[in-house]
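Below: the structure, in structure tokens.
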Amino acid sequence: MHHHPHPRERDTAAFAPAAPLASLVAAAECVPFISVPPRHSNQQLLFFFFFFSFASPTEQLCSSFLLLLLVIVRTSAGDNRTTPNGAAAAVMAAATVGVLLRLLLLPVVVVVSLLVGASRAANVTYDHRAVVIDGVRRVLVSGSIHYPRSTPDMWPGLIQKSKDGGLDVIETYVFWDIHEAYDFEGRKDLVRFVKAVADAGLYVHLRIGPYVCAEWNYGGFPVWLHFVPGIKFRTDNEAFKAEMQRFTEKVVDTMKGAGLYASQGGPIILSQIENEYGNIDSAYGAAGKAYMRWAAGMAVSLDTGVPWVMCQQSDAPDPLINTCNGFYCDQFTPNSKSKPKMWTENWSGWFLSFGGAVPYRPAEDLAFAVARFYQRGGTFQNYYMYHGGTNFGRSTGGPFIATSYDYDAPIDEYGMVRQPKWGHLRDVHKAIKLCEPALIAAEPSYSSLGQNTEATVYQTADNSICAAFLANVDAQSDKTVKFNGNTYKLPAWSVSILPDCKNVVLNTAQINSQVTTSEMRSLGSSIQDTDDSLITPELATAGWSYAIEPVGITKENALTKPGLMEQINTTADASDFLWYSTSIVVKGDEPYLNGSQSNLLVNSLGHVLQIYINGKLAGSAKGSASSSLISLQTPVTLVPGKNKIDLLSTTVGLSNYGAFFDLVGAGVTGPVKLSGPNGALNLSSTDWTYQIGLRGEDLHLYNPSEASPEWVSDNAYPTNQPLIWYKTKFTAPAGDDPVAIDFTGMGKGEAWVNGQSIGRYWPTNLAPQSGCVNSCNYRGAYSSNKCLKKCGQPSQTLYHVPRSFLQPGSNDLVLFEQFGGDPSMISFTTRQTSSICAHVSEMHPAQIDSWISPQQTSQTQGPALRLECPREGQVISNIKFASFGTPSGTCGNYNHGECSSSQALAVVQEACVGMTNCSVPVSSNNFGDPCSGVTKSLVVEAACS
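Numbering (UniProt numbering), first residue to last: 1 to 945.
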């Protein structure tokens with residue numbers, strides 16, 4: 001593969017002065033010492049270190065020479081193991097001190113070069129074709145991982161899986177609201193995250209914003225910003241610009257202080273200012289354009305030494321690069337002939353809303369979009385998201401964004417690769433990298449191959465390098481095309497990639513990658529293991545304690561005012577909850593009464609409303625992602641004398657997108673009125689008392705380390721009642737499989753594990769009955785509602801508990817239940833791979849690695865079905881299904897077709913059982929020919945253990 005090492009992996013310049021050393025020692029004198037030291041870089045350095053300690057002067061000279069030679073050879077070969085970080089750096093430094101002490105003959109410049117290490121500044125620029133790093137154009141594949149949506153313990157694994165998937169760059173937003181108190185601890189440790197990316201040898205695109213959208217609460221803005229006098233967000237407003245500049249400078253200074261820009265030898269090669277402002281800037285008029293130009297100038301003035309981008313901003317001023325976001329960006333053109341074509345957000349799926357069905361995006365369509373972009377001149381593409389993660393705490397935006405931010409991304413919410421999406425995209429990236437020499441050396445040349453088909457060729461003037469892409473953009477019909485004298489079959493809605501302008505190494509619609517099916521295995525009961533042994537999990541939840549959250553006003557700092565107040569202006573988002581409380585005196589002859597009955601109407605901006613009359617729940621309602629507005633009319637029973645009316649208004653994440661989204665309100669704004677057959681009583685302008693948040697929040701009931709007399713330990717705890725806190729202890733599930741809690745049986749609330757919030761739960765919020773498809777046709781343009789599943793079911797029942805939240809031995813679980821539920825019904829589950837499958841036809845290209853590995857000649861390779869166990873130490877233990885012929889179905893549900901080879905199962909068992917991975921040629925030579933003249937496929941389902 002055409003490999004460009006990371007700037008920190010490739011520092012031949014630092015060692016260049018070493019050449020004169022060779023003349024100091026006759027080659028013959030060094031021959032006896034050129035034995036074969038250990039192969040691993042760190043071992044080699046230790047070898048030299050010990051050698052120096054007991055060496056004669058001649059031996060020292062020789063070993064100095066060999067050490068330098070090793071470093072030069074290793075570095076020029078682009079072996080990232082030579083990067084002298086951590087222990088290796090210490091050993092290298094020690095060895096170098098030995099050289100200094102005993103070898104004054106060594107030129108000082110050589111010693112200095114050794115001490116400098118391989119971390120040197122990179123020069124990042126761009127031209128009309130690509131981002132240019134140290135004078136070399138780069139074809140880059142990027143993926144978004146948002147650091148606060150996973151845990152520091154997960155970061156290295158996520159980053160490594162991204163690298164293994166063929167990524168060069170990790171893209172993240174910076175979330176203003178979580179860093180406001182200069183808080184960079186735990187999941188907020190941005191410096192640690194960027195360094196973790198650097199440690200893997202990848203680059204970073206830092207999207208500072210500081211508006212980020214991201215389905216994040218208030219678009220990433222801290223809510224206090226709303227209360228700055230005279231402020232107007234995202235326009236030519238001095239108060240806003242001052243705060244935005246202060247935060248942006250803080251982020252840049254933090255990154256510079258840690259030496260993280262490429263210009264300092266760090267991994268950050270790009271930064272973004274603002275975010276999708278061009279989508280909505282017309283609403284702000286001329287002041288919006290002035291603000292956009294100011295933001296661009298402010299960013300450039302911060303002198304990061306790397307380019308800045310603005311996404312979805314067609315008039316981004318030079319030198320900022322305007323970039324594209326969307327499901328497809330192949331038709332995008334930057335606003336200057338001197339800027340490269342870049343795609344900052346290729347939406348790998350879509351976000352989940354409470355009350356919505358679960359969206360997904362077929363791998364074939366996503367691969368098609370990627371290949372089309374690189375085909376049509378793009379050189380930087382980023383998956384939004386590559387790993388979505390989890391909206392812990394109250395971080396979701398929306399409103400009504402779910403706690404899961406899985407996004408159908410190539411790495412799922414729990415950190416496991418999603419197959420076949422991850423594997424198929426990895427193959428696409430390998431195919432595109434095979435084309436990189438041509439992509440960076442030549443301009444694209446386009447030609448039509450017939451209706452809805454297009455060839456793009458990248459060929460150097462001397463014809464020494466050539467790569468081609470053949471596209472069929474027809475949403476229905478497969479095509480056969482002629483190109484360069486050869487015939488090619490192009491499935492509908494697909495791109496074939498030809499790195500030599502002749503051989504197809506990959507077609508986006510033909511998936512060679514395996515499929516995995518995962519299951520959440522409940523730990524609430526004994527479970528059968530694959531070897532028929534029963535596992536009884538150690539998950540004794542030790543009974544439940546409870547605390548009752550009082551209805552209405554209980555705090556001394558409650559505020560009384562005439563009229564109804566908007567919620568966010570009142571709470572400043574300190575809590576999801578705001579109580580509105582008033583009372584009326586009833587004589588019995590009021591015109592709004594019908595006996596003791598009346599109708600109470602409450603209008604609210606959202607998001608959730610509960611009505612309590614005299615302490616008892618009388619009605620509730622919720623808005624939705626499409627409209628948060630509530631108009632609740634409910635019959636109420638009033639008593640003679642004083643009657644208490646308490647309204648509990650709840651937010652489910654603040655708005656994060658749209659012009660003036662920061663001004664979108666919530667809460668009860670009226671009217672509130674009682675009505676009967678003879679008249680009405682409008683309560684909208686009466687005196688209301690307000691309480692921000694719950695009593696249990698003030699008492700920190702969610703933190704089990706703080707003892708509270710509120711908790712009642714009693715076998716008979718209340719169930720299916722609103723406003724109850726619950727607490728229990730549990731033992732963490734054994735092993736390292738990802739953990740989730742199934743909240744089936746609960747209503748709506750928030751959950752804390754050992755005092756850390758795992759987010760809002762809401763398993764009673766169901767998706768609509770209609771709108772889902774059994775199998776989604778990848779052909780044709782994708783949209784966020786094209787491929788939906790789980791209609792009529794809860795939007796989210798499973799809630800991720802990161803392993804780092806758990807501790808050995810006893811753990812605490814606290815719930816606040818708003819609607820009512822039964823905590824004995826919740827269960828712990830672990831995520832496990834149940835099957836690995838693959839489906840490869842005779843028409844598929846060979847596995848991509850057969851084109852990359854020089855040992856194999858690509859011409860003799862045919863298609864092959866490859867299986868690999870997902871975890872280290874596993875082997876393929878069982879072939880559940882195998883069929884060669886015309887099989888049908890999906891992983892876990894395959895069927896033999898009318899044409900089927902009798903040898904399939906035996907051939908696959910022979911090749912695969914007991915192996916960590918296996919490759920089976922898909923050919924009649926291997927299985928016999930059950931039906932000649934028909935294109936045959938091999939389908940396998942296997943289990944690993």
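A virtual CB, placed ideally from N, CA and C, is assigned to each residue, including glycine.
| Check | Outcome |
| --- | --- |
| C-alpha gap between Asn715 and Asp698, whole angstroms | 26 Å |
| Buried/exposed call for Asn893, threshold 16 Cβ in 10 Å | exposed |
| DSSP-derived helix/strand/coil call for Ala122 | coil |
| Within the region 775-825, ranges of the beta strand (DSSP E) (whole runs, at least 3 residues) | 798-801 and 810-817 |
| Proximity below 8 Å, CB of residue 948 to CB of Pro738 | Any property of residue 948 remains undetermined from this structure, which presents the chain solely from 1 to 945. |
| Neighbour-count burial assignment, Gly747, 16 or more Cβ in a 10 Å radius | buried |
| Nearest-angstrom Cα separation, counted from Ala547 out to Pro709 | 9 Å |
| Of the residues Thr935, Gly897 and Ala942, the one placed nearest Asn917, counting alpha carbons only | Ala942 |
| Three CB pairs or more closer than 8 Å across the region 582-602 and the region 634-648 | yes |
| Cut-off 6 Å between Cβ atoms - residues of its own chain near Gly696, not counting five sequence neighbours on either side | Glu549 and Trp725 |
| C-alpha distance - Ser522 paired with Thr829, whole-angstrom precision | 4 Å |
| Beta strand (DSSP E) runs wholly inside the region 154-217, at least 3 long, in chain order | 169-173 and 203-209 |
| Residues near Thr530 in its chain [Cβ-Cβ closer than 8 Å; skip 5 each side] | In this prediction, Thr530 has a pLDDT of 35, which is less than 50 and means its spatial position is unreliable; what the coordinates show is noted afterwards. Cβ neighbours of Thr530 beyond the five flanking positions: Ser877, Asn878, Ala943 and Ser945. |
| Straight-line Cα distance separating Thr886 from Glu898 | 7 Å |
| Reduced DSSP secondary structure (H/G/I, E/B, other) of Gly78 | Since pLDDT at Gly78 reaches only 38, below the 50 mark, its modelled position is unreliable, and the value read off the structure follows with that caveat. Of the three classes helix, strand and coil, the one that applies to Gly78 here is coil, per DSSP. |
| Whether Asn678 touches Pro591 by CB criterion (8 Å) | yes |
| Touch test, the region 376-386 against the region 346-353, Cβ-Cβ under 8 Å, three pairs minimum | yes |
| Bounding residues of the beta strand (DSSP E) (the contiguous stretch that carries Ser522) | Val515 to Ser522 |
| Euclidean distance between Cα positions of Thr304 and Ala121 | 12 Å |
| Among His607, Leu647, Asn643 and Ser649, nearest to Leu629 - alpha-carbon criterion | His607 |
| Contact check, Gly641 vs Val551, beta carbons under 8 Å | no |
| Sequence-distant residues of its chain with Cβ nearer than 7 Å to Tyr211 (five each side left out) | Gly219, Gly220, Phe221, Arg234, Glu274 and Asn275 |
| Classification of His128 by the beta-carbon crowding that lies within 10 angstroms, buried from 16 upward | exposed |
| Coarse secondary structure for Gln331, derived from DSSP in three states | coil |
| Proximity below 8 Å, CB of residue 957 to CB of Gly755 | The requested residue 957 is not part of the displayed model; the chain covers only 1 to 945. |
| Cβ-Cβ distance between Gly278 and Gln331 below 8 Å | no |
| Residue environment, Ala299, which counts as buried when at least 16 other CB atoms sit within 10 Å | buried |
| Status (buried if at least 16 other CB within 10 Å, exposed otherwise) for Thr82 | Because Thr82 carries a pLDDT of 30, less than 50, the predicted location of this residue cannot be relied on, and the following value inherits that uncertainty. Thr82 should be labelled buried. |
| Secondary structure of Cys912, DSSP reduced to three states | helix |
| Pairwise C-alpha distance: Lys195 and Asp134 | 21 Å |
| Option nearest residue 1002 by Cα separation, candidates Glu238, Glu243 and Val204 | This structure cannot settle anything about residue 1002, because the visible part of the chain is limited to 1 through 945. |
| Candidates Ala621, Tyr328 and Ser923: closest to residue 961 by CA position | The requested residue 961 is not part of the displayed model; the chain covers only 1 to 945. |
| Classification of Tyr446 by the beta-carbon crowding that lies within 10 angstroms, buried from 16 upward | exposed |
| Segment limits, beta strand (DSSP E) that includes Tyr726 | Ile724 to Thr731 |
| Local conformation of Ser35 per DSSP, three classes | Low per-residue confidence applies at Ser35: pLDDT is 32, beneath 50, and the placement is therefore not dependable, though the value from the model is reported in the following sentence. Note: Ser35 maps to coil in three-state DSSP. |
| Ser525 to Ser827 span [Cα, whole Å] | With a pLDDT of only 40 at Ser525, under 50, the local geometry of the prediction cannot be trusted, and no value is derived from it. |
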